[in-house]
Amino acid sequence: MSVYQCETCGCVENTALGFYWARHDKDWPEEARGKALCSECAPRVYSDGSATGWGKWHGRFTKRQAKGMLIDSQGLLWSKETVAAGQLPPHLRIVGEV
Ligand SMILES: [Zn+2]
1284 MSVYQCETCG CVENTALGFY WARHDKDWPE EARGKALCSE CAPRVYSDGS
1334 ATGWGKWHGR FTKRQAKGML IDSQGLLWSK ETVAAGQLPP HLRIVGEV
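Residue numbers for the sequence shown follow my numbering, beginning at 1284 and rising by one.
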């Protein structure tokens, strides 16, 4: 499970559930384009005004803040326990902490 920090509210979000992979698509409103957002902070409408289905928390796990998590060289988050257990893939390195 790859997780990242929402650039608006600072919560932990899953790349498969939040506004992460599609953030550079041109269909999104200008103010959201390029931002990694959680499902709740993602745009409610596309540039043409049609509904996206975003704008509310997905409920697949409890929403929590990313503070205290570690950031890898790709911008994804890891818990300190996971890194201490040696589970960070060898091609990644920790570059910071939220
Ligand atoms: Zn958010």
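Think of the CB as a built atom: it goes at the ideal place given N, C-alpha and C, for glycine as much as any other residue. None of the values given here were measured: they were computed from a predicted structure.
- For Y1287 and A1325, the gap between their C-alpha atoms comes out near 14 Å.
- For L1360, same chain residues with a beta-carbon under 8 Å away, outside a window of 5 residues either side, are V1286, Y1287, Q1288, V1295, A1349, M1352, L1353, I1354, V1381 in chain order.
- Burial check for W1311: the Cβ neighbour count within 10 Å reaches 16 or more, so the residue is buried.
- Assigned with DSSP and collapsed to three states, A1367 falls in helix.
- Under the 10 Å beta carbon count, G1336 is surrounded by fewer than 16 other beta carbons and is classified as exposed.
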